[in-house]
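Protein chains in written order, with the numbering used here: chain A, 1 to 196; chain B, 197 to 447.
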Amino acid sequence: MTAIIDYGAGNLFSVKNALDYLGIENIITKNADDLRNADRLILPGVGAFPDAMRMLSESGLVGVIKEEAVKKPLLGICLGMQMLFEKGYEFEETKGLGLIKGSVKLMTPKDLPIPHIGWNELVLNNSCGLLKKGGEYVYFVHSYAADCPSENVSAYCDYGMKVPALVFSGNVYGAQFHPEKSGEAGLEILKKFAAL
Amino acid sequence: MLAKRIIPCLDVRNGKVVKGVNFEGIKDVGDPVELAVEYNKQGADEIVFYDITASYEGRGVMLDVVRRTARQVFVPLCVGGGIGSVDDFREVLRAGADKVSVNSQAVKNPKLISDAAEIFGSQCVVVGIDAKRNGKGGYSVYINGGRVDMGLDLGDWVKEISERGAGEICLNSIDTDGVRGGFDIDMLNFVCERVNIPVIASGGCGKLEHFSEVFEKTNSSAALAASLFHFKELTVGEVKRHLKEHNIPAR
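Structure representation (structure tokens):
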């Protein structure tokens, strides 16, 4: 069972639609016991870092997510990925979950619009459980990006700067792009996650 | 590198896809969900549903189309047509759309753009524009499917749209729409020079070369087409191959 964490800020139904389509058993939940009983967790997120962290704290799930992330695979998507890091700097400095080293900062690509919206190519940095090759185009919508050690980056994409696109540390994975909106390439990544 | 996007547009009336030429002479061409699935297989980067039903019942049918599509198509979905309030945005996004396109209602009430961008984020606010040469070297903005001239200058309008936080502009040229002589390169350059948000080219493509032309001669981020794909004259896959042959980044 894959638990999609519902804390009030997420693209929950798109993620659920994709898992349903792939025949991956899943549940949208805000119940801590569901997270403890699940085989793996997905942390979605859309919106701003401080609001989302506040909602996650108010949901009372921060502790259980940190405990379970040591034991089972966790995938953060978009803002959910950004919250895996130690700190975010959207509007104000905000503490993240601290599951991956690094912080999240406003992107500064040369002469390119922000937000970074559209299909961009994954360039492999380190192979991980979700990505072996790279070269796939996936769908991005974001203005902030992770600043983290290269060893935790599975793939970058090029948008006037190297943008960490897929990150990992132990059981914890984060996709800056939306696998649930990235066609076949995205579904493949979700399938690999469900097989971890 | 960011790929240039190819976007099939489905004009939907009472749950059926239709296509008109120059906004008139409408023909029925099929089931929207089936067509969306087919375009997704062909490699569409995004799919637009444009609701041309003006009734309350029609809106419900449209939301059902979006819901069913979102269960089997995993690329961004955009819905436009008859969106007049923040509540309309919410309803369409809840049904599974990722973006919402506003046109006439945004001209009548520009605050809708800033309100929606603030609540749902700029990334989901697309402003559609129907524009036409004004005979004095400029362009005017039209509403109600290209029937009513608002006496609004295109340059002023795109600046306002961008300042109000729209995420993208979908620019349809009434002069080239349905004519199949190519996208309106001059009008697209006029807009691309004035804003720093992605511009989607719409109206006028009739053959493969028009797609490479629009990306070689303008800074458009995406190209939208309807009848070419509906009548199976071209597939999205053929367009993508053509772009790659011209060294234009495509998925």
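Heads up, the beta-carbon is just placed ideally off N, CA and C, and yes, glycines get one too.
Just to check my reading of the structure: residue i and residue j have Cβ atoms closer than 8 Å, yes? What is that Cβ distance to the nearest angstrom?
{"i": "residue 309(B)", "j": "residue 361(B)", "result": "7 Å"}
{"i": "residue 372(B)", "j": "residue 388(B)", "result": "That belief does not hold up - the Cβ atoms of residue 372(B) and residue 388(B) are roughly 16 Å apart, past 8 Å."}
{"i": "residue 155(A)", "j": "residue 125(A)", "result": "6 Å"}
{"i": "residue 282(B)", "j": "residue 311(B)", "result": "5 Å"}
{"i": "residue 87(A)", "j": "residue 95(A)", "result": "6 Å"}
{"i": "residue 73(A)", "j": "residue 193(A)", "result": "6 Å"}
{"i": "residue 79(A)", "j": "residue 172(A)", "result": "With 8 Å as the limit, residue 79(A) and residue 172(A) do not qualify as a contact, their Cβ atoms being about 15 Å apart."}
{"i": "residue 89(A)", "j": "residue 106(A)", "result": "7 Å"}
{"i": "residue 77(A)", "j": "residue 179(A)", "result": "7 Å"}
{"i": "residue 151(B)", "j": "residue 421(B)", "result": "A question about residue 151(B) goes unanswered here, because the residues of chain B that appear run from 197 up to 447."}
{"i": "residue 322(B)", "j": "residue 297(B)", "result": "4 Å"}
{"i": "residue 402(B)", "j": "residue 376(B)", "result": "3 Å"}
{"i": "residue 18(A)", "j": "residue 130(A)", "result": "In fact, because the Cβ distance is near 14 Å, the residues do not count as touching under 8 Å."}
{"i": "residue 433(B)", "j": "residue 238(B)", "result": "5 Å"}
{"i": "residue 21(A)", "j": "residue 267(B)", "result": "7 Å"}
{"i": "residue 315(B)", "j": "residue 301(B)", "result": "Contact doesn't hold; Cβ gap of about 16 Å is too wide."}
Of the residues the options, which one's Cα is nearest the Cα of residue i?
{"i": "residue 325(B)", "options": "295(B), 336(B), 319(B) and 299(B)", "result": "299(B)"}
{"i": "residue 170(A)", "options": "196(A), 50(A) and 104(A)", "result": "196(A)"}
{"i": "residue 404(B)", "options": "438(B), 302(B), 390(B) and 355(B)", "result": "438(B)"}
{"i": "residue 212(B)", "options": "199(B), 277(B) and 228(B)", "result": "228(B)"}
{"i": "residue 335(B)", "options": "199(B), 412(B) and 327(B)", "result": "327(B)"}
{"i": "residue 295(B)", "options": "277(B), 306(B) and 305(B)", "result": "277(B)"}
{"i": "residue 364(B)", "options": "419(B), 239(B) and 349(B)", "result": "419(B)"}
{"i": "residue 142(A)", "options": "356(B), 319(B) and 331(B)", "result": "319(B)"}
{"i": "residue 85(A)", "options": "187(A), 164(A), 15(A) and 5(A)", "result": "164(A)"}
{"i": "residue 92(A)", "options": "179(A), 51(A), 192(A) and 14(A)", "result": "51(A)"}
{"i": "residue 210(B)", "options": "225(B), 197(B), 198(B) and 203(B)", "result": "225(B)"}
{"i": "residue 292(B)", "options": "14(A), 73(A), 69(A) and 115(A)", "result": "14(A)"}
{"i": "residue 400(B)", "options": "374(B), 358(B) and 440(B)", "result": "374(B)"}
{"i": "residue 198(A)", "options": "27(A), 63(A), 184(A) and 104(A)", "result": "Here chain A comprises residues numbered 1 to 196, so residue 198(A) is not present and cannot be evaluated."}
{"i": "residue 391(B)", "options": "350(B), 431(B) and 398(B)", "result": "350(B)"}
{"i": "residue 265(B)", "options": "314(B), 301(B), 206(B) and 339(B)", "result": "206(B)"}
{"i": "residue 444(B)", "options": "383(B), 297(B) and 409(B)", "result": "409(B)"}
{"i": "residue 2(A)", "options": "63(A), 68(A) and 47(A)", "result": "68(A)"}
{"i": "residue 380(B)", "options": "416(B), 305(B) and 258(B)", "result": "416(B)"}
{"i": "residue 259(B)", "options": "431(B), 427(B), 208(B) and 435(B)", "result": "208(B)"}
{"i": "residue 41(A)", "options": "98(A), 65(A) and 60(A)", "result": "65(A)"}
{"i": "residue 166(A)", "options": "29(A), 139(A) and 184(A)", "result": "139(A)"}
{"i": "residue 32(A)", "options": "183(A), 191(A), 82(A) and 4(A)", "result": "4(A)"}
{"i": "residue 29(A)", "options": "23(A), 18(A), 17(A) and 43(A)", "result": "43(A)"}
{"i": "residue 344(B)", "options": "303(B), 432(B), 255(B) and 384(B)", "result": "303(B)"}
{"i": "residue 307(B)", "options": "358(B), 233(B) and 235(B)", "result": "358(B)"}
{"i": "residue 147(A)", "options": "71(A), 81(A) and 70(A)", "result": "81(A)"}
{"i": "residue 330(B)", "options": "346(B), 317(B) and 424(B)", "result": "346(B)"}
{"i": "residue 47(A)", "options": "168(A), 23(A) and 7(A)", "result": "7(A)"}
{"i": "residue 215(B)", "options": "423(B), 398(B) and 382(B)", "result": "423(B)"}
Looking at the strands, I want to know which residues DSSP matches up with residue i.
{"i": "residue 61(A)", "result": "In DSSP, residue 61(A) forms no bridge with anything."}
{"i": "residue 127(A)", "result": "Note: residue 127(A) sits in no beta bridge, so no partner."}
{"i": "residue 120(A)", "result": "138(A)"}
{"i": "residue 205(B)", "result": "244(B)"}
{"i": "residue 95(A)", "result": "87(A)"}
{"i": "residue 2(A)", "result": "26(A) and 40(A)"}
{"i": "residue 274(B)", "result": "244(B) and 295(B)"}
{"i": "residue 200(B)", "result": "In DSSP, residue 200(B) forms no bridge with anything."}
{"i": "residue 252(B)", "result": "Paired residues: none, contrary to the question."}
{"i": "residue 76(A)", "result": "43(A) and 174(A)"}
{"i": "residue 418(B)", "result": "201(B) and 396(B)"}
{"i": "residue 310(B)", "result": "In the DSSP output, where bridge partners are listed per residue, residue 310(B) has none listed."}
{"i": "residue 189(A)", "result": "Its beta-bridge partners do not exist; DSSP assigns none."}
{"i": "residue 104(A)", "result": "88(A) and 146(A)"}
{"i": "residue 226(B)", "result": "213(B)"}
Checklist entry - Is it true that the region 283 to 300 of chain B meets the region 122 to 135 of chain A, where meeting means three or more beta-carbon pairs spaced less than 8 Å apart? => result In short, these stretches do not touch, since the Cβ pair count stays below three.
Next on the checklist: In chain order, what are the residue ranges of uninterrupted alpha helix (DSSP H) at least 4 long that sit wholly in the region 321 to 406 of chain B?
Outcome noted: List check, alpha helix (DSSP H) in window: 350 to 359 and 381 to 388.
Next on the checklist: As an exercise, report each continuous beta strand (DSSP E) stretch of at least 3 residues that is fully enclosed by the region 146 to 181 of chain A, in chain order.
Outcome noted: You should have 153 to 158, 162 to 169 and 172 to 175.
Next on the checklist: My parser needs the beta strand (DSSP E) runs of 3 or more residues fully inside the region 12 to 72 of chain A; what are they?
Outcome noted: Look at the region 12 to 72 of chain A and you find these whole runs of beta strand (DSSP E), each 3 residues long or longer: 26 to 29 and 40 to 43.
Checklist entry - Pairing CB atoms from the region 52 to 67 of chain A with CB atoms from the region 112 to 122 of chain A, are three or more of them under 8 Å? => result The region 52 to 67 of chain A is not in contact with the region 112 to 122 of chain A.
Next on the checklist: I'd like to know if the region 244 to 255 of chain B and the region 263 to 276 of chain B are in contact, where contact means that at least 3 CB-CB pairs between them fall below 8 Å.
Outcome noted: Yes, they touch.
Item to check | Touch test, the region 96 to 116 of chain A against the region 152 to 161 of chain A, Cβ-Cβ under 8 Å, three pairs minimum | outcome: Using a Cβ-Cβ distance cut-off of 8 Å, the region 96 to 116 of chain A and the region 152 to 161 of chain A are in contact, since at least three pairs of beta carbons, one from each stretch, lie closer than that value.
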